[in-house]
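Presented below is the structure to which this report refers.
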Amino acid sequence: MRYGHLLGVLGVAFLVQTTAASFVRLWGVVPDVLLAVVVSYGLLFGPAVGLGAGALAGAALDVAIGRLMGLHVLTLGLAGLVAGQAERFVVKENVLLPVVGGAAGGLLTGGLTLGVLLYFGWPLPPLQALRGTVLPGAILSAGLTTLVYLWLLGRYTHFRPDPRGAVAVRPAPAPGSRPSPSRRGAAR
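Per this note's numbering, residue 1054 is the first one in the sequence shown, and the count goes up by one each step.
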């Protein structure tokens, strides 16, 4: 996986989330662009990338917002981790995957955020907040995640990880054995 691409996409999503997305409201809910990117990366590249992308995006969003530090690290990191756990069990080309993943991510982050806000005493009516914010946010996240996922899937063959892992390591020679000659010195 090329992490420069991930950082670039997260950076653009962060800029869109903190500037333009706040002016767009569908069903009274602001689209969560960072959630769509985090869930998409988790579904495509696994739990480590999903968790890392979610924690990084959440930390940036927490610093930008400045209230309840760590809330977005928790919610986006958990959404990326859960989406990444599904990566090895699903077919990546299935079109329903980002729809279900985005809706589940929206429900998870919205429900967890609502729970934390209620725990800290914010005056919110729980059922009204669930019906008016969390459920429409999950539907909006499903659609937005589908768009981001399909865009990333088109580039997946270029960005997919090496099947041997991030670093291919040669096994160490057994103790007392003579190491094999290097390529330079072998054929002269």
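We treat Cβ as the ideally placed atom computed from N, Cα and C, and that holds for glycine. Only a predicted model underlies this, so the values are computations on that prediction, with no experimental measurement involved.
Test: residue i CB closer than 8 Å to a CB of chain D
{"i": "W1080", "result": "Although the question refers to chain D, the structure presented lacks it and comprises just one protein chain."}
Residue interval of the alpha helix (DSSP H) (run including residue i)
{"i": "P1151", "result": "1149 to 1172"}
{"i": "A1107", "result": "Note on residue identity: the sequence assigns Gly, not Ala, to residue 1107. First-last of the alpha helix (DSSP H) with G1107: 1100 to 1118."}
{"i": "P1189", "result": "1188 to 1207"}
{"i": "A1136", "result": "1124 to 1138"}
{"i": "V1069", "result": "1056 to 1071"}
Distance CB(residue i)-CB(residue j) smaller than 8 Å
{"i": "P1128", "j": "T1186", "result": "Strictly speaking, residue 1128 in this sequence is Thr, with Pro absent from that position. Cβ distance not < 8 Å, so T1128 and T1186 don't count as in contact."}
{"i": "G1155", "j": "A1195", "result": "yes"}
{"i": "G1133", "j": "V1065", "result": "no"}
{"i": "T1146", "j": "L1096", "result": "Reading off the sequence shown, one finds Glu at residue 1146, where the question assumed Thr. Contact flag unset, no."}
{"i": "L1121", "j": "V1083", "result": "no"}
{"i": "A1108", "j": "G1081", "result": "no"}
{"i": "L1088", "j": "G1158", "result": "yes"}
{"i": "A1117", "j": "L1063", "result": "no"}
Given residue i as reference, the closest of the options once Cα atoms are compared
{"i": "R1208", "options": "G1119, P1228, L1104, Y1094", "result": "Y1094"}
{"i": "V1069", "options": "V1102, F1098, L1114, L1188", "result": "L1114"}
{"i": "L1160", "options": "L1177, P1179, A1191, A1101", "result": "A1191"}
{"i": "A1112", "options": "F1067, A1073, V1135", "result": "F1067"}
{"i": "P1100", "options": "G1137, V1201, G1057", "result": "G1137"}
Identity of the residues DSSP links to residue i by a beta bridge
{"i": "L1079", "result": "V1082"}
Residue i classed as buried or exposed, judged by whether at least 16 other C-beta atoms fall within 10 angstroms
{"i": "T1198", "result": "buried"}
{"i": "F1173", "result": "exposed"}
{"i": "R1077", "result": "The amino acid at residue 1077 is misidentified as Arg; the sequence shows Val. By the 10 Å Cβ count, V1077 comes out exposed."}
{"i": "F1142", "result": "exposed"}
{"i": "Y1202", "result": "buried"}
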